[in-house]
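Residue numbers (our numbering), protein chains in the order written: chain A, 182 to 465; chain B, 12 to 315.
Just so you know, even glycine gets a beta-carbon here, dropped at the ideal spot from N, CA and C.
Nothing here was measured: the structure is a model prediction, and the numbers come from that model.
Take a look at the structure below.
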């Protein structure tokens with residue numbers, strides 16, 4: 182009995198650890214800076230303060246936050262489309278067809294997949310700089326579109342979930358190779374398309390280092406970098422800022438705005454995710 | 012070797028693919044291969060080229076590596092990253108495994124599922140958002156746990172972000188965003204342990220601790236290794252946390268804290284592209300060899 186109690190309390194302590202900051206963030210956006218300091222940290226401020234914070238936030242550099250959101254959406258969406266168009270056929274081919282260099286490509290994919298994407302940021306900058314694409318959206322969209330993990334997920338999905346005989350039958354029926362992919366494999370691939378789409382979207386939306394280096398102009402920043410740049414305009418963190426200051430509740434609201442799309446996707450994709458994260462590395 | 016391996020695979024599976032199929036396969040991977048070359052292979056070559064040349068493009072051997080290693084910040088940031096990795100990996104292994112085991116024992120469906128989801132939520136705040144949230148959590152004037160901070164002797168934000176605390180703080184932030192996903196993975200792996208194995212342990216009279224220690228943890232081993240490898244490679248690339256902290260503290264804390272910040276500084280503040288490339292190559296070698304050894308040895312990716 183005591184061990185059960187102990188287990189329960191450990192689990193509860195960690196619930197508090199994981200959830201409390203999120204809860205606090207939600208509430209902080211509804212307060213004035215005064216309330217943030219003096220009121221109970223877990224109290225609700227007012228709707229009025231929330232709307233005042235929103236107005237103050239959007240007033241910063243004339244709707245900069247909306248522009249950043251638009252940028253993030255644009256970058257993540259275009260990369261998502263390119264990723265899906267390239268990763269799904271590639272994963273399919275690796276799993277279901279034979280061609281020269283297939284094994285090498287698979288190994289290369291695994292190795293690159295295990296490399297964290299921050300490793301190549303500075304070298305990528307040098308390369309993109311050499312082709313004069315720095316400061317254009319392609320400087321991050323193209324590197325984002327390279328998504329070996331998506332290829333690997335697709336590969337695993339096809340090897341485990343789709344019998345090769347099914348494709349062979351279609352070939353015997355006279356389907357072309359592209360036809361087999363288009364009419365047999367693709368309709369079966371919906372779960373993995375959703376999964377790759379989800380992971381690619383989240384990874385791109387939350388990336389900081391690459392756009393920080395490639396897109397230094399405020400007008401081009403995605404929301405993650407933009408919100409980070411707000412930090413140096415918060416007086417309690419940087420006392421030297423003048424009248425253009427951003428208050429802490431507004432920063433909290435900005436953070437909330439930045440994560441909302443991902444949070445929404447999380448809530449809807451919950452079931453998917455669990456199975457997907459497992460598929461990410463199982464093949465048993 | 013590659014060829015024999017793949018043809019052996021196809022003999023086992025089904026008759027060897029036709030040349031029509033081979034051409035189609037290549038067409039399907041063409042776009043991806045193009046990106047792999049452009050954004051995987053080429054930047055790597057580029058980094059190596061810059062690391063071994065000077066600003067004029069002349070070959071300089073290891074001089075960029077030596078100069079950057081002698082930079083007064085290099086050893087410090089290497090030490091920082093090493094300390095952070097120790098904290099990060101230890102906390103990850105201990106807490107993720109313990110929490111997954113506890114959740115698995117709890118096993119009353121909906122509660123366990125709800126807890127897993129709650130643990131996973133901060134994953135949505137990966138990147139800059141998590142750092143911003145924790146800047147608030149660590150500022151005693153607004154933190155919901157300010158009394159806790161005061162109990163351990165921190166009264167101002169400045170005291171909390173003292174240099175000696177940073178490795179621990181970055182560990183907390185990384186754990187907060189990253190642990191939930193791994194708990195989900197470990198939990199799934201625990202579920203994959205065959206029922207009869209667990210049953211046999213129970214019949215042999217093993218209690219909860221013994222089952223966990225003798226049966227479950229050994230069977231989680233390869234998952235733990237996988238987690239440690241990925242966390243190690245990711246942790247070595249620390250950037251956004253110290254970078255934002257240095258913005259928040261106007262450069263007092265977190266500046267030049269990690270190796271990746273140093274590459275950024277070399278490249279963009281000091282205009283020493285070659286030095287930046289040298290440090291990048293060092294980081295590349297570390298993560299490539301870690302990844303390579305893992306793919307080759309773990310048996311995790313028994314691709315064919």
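Beta-carbon neighbours of residue i, restricted to chain A and to distances below 8 Å
i             : result
residue 130/B : 195, 196, 199
residue 116/B : 188
residue 133/B : 199, 202, 203
Contact set between residue i and chain B, taken where Cβ atoms lie within less than 9 Å
i             : result
residue 338/A : What residue 338/A touches in chain B: nothing, since even the nearest Cβ is about 14 Å away.
residue 398/A : Within 9 Å Cβ-Cβ: nothing; residue 398/A doesn't reach chain B, min ~14 Å.
residue 341/A : Residues of chain B passing the Cβ test: none, with the nearest at roughly 13 Å.
Whole-Å CB distance - residue i paired with residue j, under 8 Å assumed
i             : j             : result
residue 268/B : residue 115/B : Contact doesn't hold; Cβ gap of about 37 Å is too wide.
residue 252/A : residue 403/A : 5 Å
residue 295/B : residue 55/B  : 6 Å
residue 503/A : residue 309/A : The structure shown has nothing for residue 503/A, since chain A only spans 182 to 465.
residue 362/A : residue 273/A : 6 Å
residue 278/A : residue 217/B : Not a contact, Cβ separation roughly 48 Å.
residue 223/B : residue 112/B : 5 Å
residue 309/B : residue 303/A : That belief does not hold up - the Cβ atoms of residue 309/B and residue 303/A are roughly 29 Å apart, past 8 Å.
residue 431/A : residue 221/A : Actually they are not in contact, since the Cβ atoms of residue 431/A and residue 221/A sit about 20 Å apart, beyond 8 Å.
Chain A within 8 Å of residue i, Cβ atoms only
i             : result
residue 99/B  : no
residue 155/B : yes
residue 187/B : yes
residue 44/B  : yes
residue 291/B : yes
residue 225/B : no
residue 107/B : no
residue 32/B  : yes
residue 281/B : no
residue 138/B : yes
residue 89/B  : no
Cβ neighbours of residue i in the same chain (closer than 6 Å, five flanking residues each side left out)
i             : result
residue 23/B  : Only weak support is given to the placement of residue 23/B: the predicted model assigns it a pLDDT of 42, under 50, and the value that follows is read from those uncertain coordinates. Excluding sequence neighbours, residue 23/B sits near nothing in its chain.
residue 135/B : none
residue 329/A : 290, 293, 294
residue 238/B : 193
residue 413/A : 419
residue 332/A : 268, 271, 272, 290
residue 200/B : 231, 234
residue 226/B : 212
residue 464/A : Because the pLDDT of residue 464/A is 41, which lies under 50, any placement of that residue in the model is unreliable, and the number read from its coordinates should be weighed accordingly. 337, listed in sequence order.
Interface residues of chain B facing residue i [CB-CB closer than 7 Å]
i             : result
residue 381/A : The contacting residues do not exist; residue 381/A stays about 13 Å from chain B at best.
residue 443/A : 135
residue 332/A : 43
residue 326/A : 46
Beta carbon proximity, residue i to chain D, threshold 8 Å
i             : result
residue 230/B : You won't find chain D in this structure, because its protein chains are A and B.
Chain B within 8 Å of residue i, Cβ atoms only
i             : result
residue 297/A : yes
residue 373/A : no
residue 273/A : yes
residue 293/A : yes
residue 315/A : no
residue 256/A : no
residue 215/A : no
residue 428/A : no
Chain-ordered neighbours of residue i on chain A, where CB pairs are closer than 7 Å
i             : result
residue 113/B : 188, 191, 192
residue 152/B : 218
residue 37/B  : 280
residue 245/B : 297
residue 284/B : 307
residue 148/B : 202
residue 126/B : 192, 196
Beta-carbon proximity list for residue i, same chain, < 8 Å, skipping 5 on both sides
i             : result
residue 429/A : 209, 214, 217, 415, 417
residue 389/A : 405, 406, 409
residue 243/B : 96, 100, 301
Contact set for residue i: own chain, Cβ-Cβ below 7 Å, skip 5 residues either direction
i             : result
residue 276/B : 267
residue 131/B : 191, 192, 195
residue 12/B  : Unreliable positioning characterises residue 12/B in this predicted model, as indicated by a pLDDT of 35, which lies under 50. A coordinate reading is not provided.
residue 123/B : 114, 117
residue 436/A : 206, 408
Near the ligand COA: residue i beta-carbon under 7 Å from a heavy atom
i             : result
residue 417/A : The ligand COA is not among the ligands present in this structure, which contains no ligands whatsoever.
Residues that residue i contacts on chain A, provided the C-beta gap is smaller than 9 Å
i             : result
residue 240/B : 295
residue 143/B : 206, 408, 409, 411, 412, 432, 433, 435, 436, 439
>> For the stretch 248-275 of chain B, list every residue whose C-beta sits within 8 Å of some C-beta in chain A, in sequence order.
In response: Taking a C-beta cut-off of 8 Å against chain A, the contacting residues of the stretch 248-275 of chain B are 248, 250, 251, 254, 255, 258, 259, 260, 261, 271, 274, 275, listed in chain order.
>> Residues of the stretch 51-73 of chain B in Cβ contact with chain A at a cutoff of 7 Å, in chain order, please.
In response: Listed by position, the residues of the stretch 51-73 of chain B near chain A (Cβ gap below 7 Å) are 51, 53, 54, 55, 57, 58, 61.
> Of all the residues that make up the stretch 211-223 of chain B, which are near chain A by a beta-carbon distance shorter than 7 Å?
Replying inline: Considering only beta carbons, the part of the stretch 211-223 of chain B lying closer than 7 Å to chain A consists of 219, in chain order.
>> Please list, in chain order, the residues of the stretch 292-305 of chain B that have any C-beta partner in chain A closer than 8 Å.
In response: Cβ proximity to chain A below 8 Å picks out 294, 295, 298, 299, 301, 302, 303, 305 from the stretch 292-305 of chain B.
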